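Undergrad: First residue of the sequence shown: 628, per the numbering used here; consecutive thereafter.
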Amino acid sequence: MEKQLEYFDVLANAQKQVFSNLLSVQKDLRTQWIDIVSKSYASLTSIPGVPETAQTKEALAHFNTWFGTLANSSKTATEEALKTQESWISAYEKQVLVSRGVLKNIIDLATPVDLATPATKVKAKAA
628 MEKQLEYFDV LANAQKQVFS NLLSVQKDLR TQWIDIVSKS YASLTSIPGV PETAQTKEAL
688 AHFNTWFGTL ANSSKTATEE ALKTQESWIS AYEKQVLVSR GVLKNIIDLA TPVDLATPAT
748 KVKAKAA
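As structure tokens, then:
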């Protein structure tokens, strides 16, 4: 029985490690994405040689609004995606505990029981 549970634990832990690694990578990517968005914004709003006319000021104001909305939406979406993945990992951990218990019960049920009484065993050894 212990071998089956060890095998189950190895598989479950490997899957949990994969989920945790993916979450860690996505957190790093989110940080890099936000940094890239900020740098892009800074470089686009400081282009040299742009004349300061009413049209360029209006266009820049529209761009600032659009880009700010884009950046905030991106931050919010990635935050929610990370929260969802953390919830999935938590749910997975709970499911693994339940599944391990079910597996243990199935193994217990499938394990043959020696119904011979000690007296019967002694007689069988004597014969």
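From the three backbone atoms N, C-alpha and C, an ideal C-beta is built for every residue, glycine too.
All values derive from a computational prediction rather than experimental measurement.
Would you call the stretch 728-741 and the stretch 631-641 in contact, with 3 or more CB pairs under 8 Å?
TA: yes
Undergrad: Does the beta-carbon distance from T705 to R657 come in below 7 Å?
TA: Stepping through the sequence shown from its first residue, residue 705 is reached at position 78. Stepping through the sequence shown from its first residue, residue 657 is reached at position 30. Contact: yes.
Undergrad: Quick check on E633: does DSSP put it in helix, strand or coil?
TA: Your numbering for residue 633 matches position 6 in the sequence shown. Helix.
Undergrad: Below 8 Å, can you find three or more Cβ-Cβ pairs linking the stretch 632-648 to the stretch 704-722?
TA: yes
Undergrad: Considering only the alpha carbon of each residue, which of Y668, A688, E707 and K684 lies closest to Q653?
TA: As a position in the sequence shown, residue 653 is number 26, starting the count at 1. When each option's Cα is compared against that of Q653, the closest is E707.
Undergrad: Measure the C-alpha to C-alpha separation of A698 and Q682 and round it to an integer number of angstroms.
TA: In the sequence shown, counting from the first residue as 1, residue 698 sits at position 71. In the sequence shown, counting from the first residue as 1, residue 682 sits at position 55. In a straight line, the C-alpha of A698 is about 24 Å away from that of Q682.
Undergrad: In whole angstroms, what is the alpha-carbon distance linking K710 and T696?
TA: As a working note, residue 710 is residue 83 in the sequence shown. As a working note, residue 696 is residue 69 in the sequence shown. Cα to Cα, the separation comes out at about 21 Å.
Undergrad: Closest to A669 by CA distance: which of D655, I734, F690 and P739 is it?
TA: In the sequence shown, residue 669 corresponds to position 42, counting from 1. Considering only D655, I734, F690 and P739, the residue with the shortest C-alpha distance to A669 is F690.
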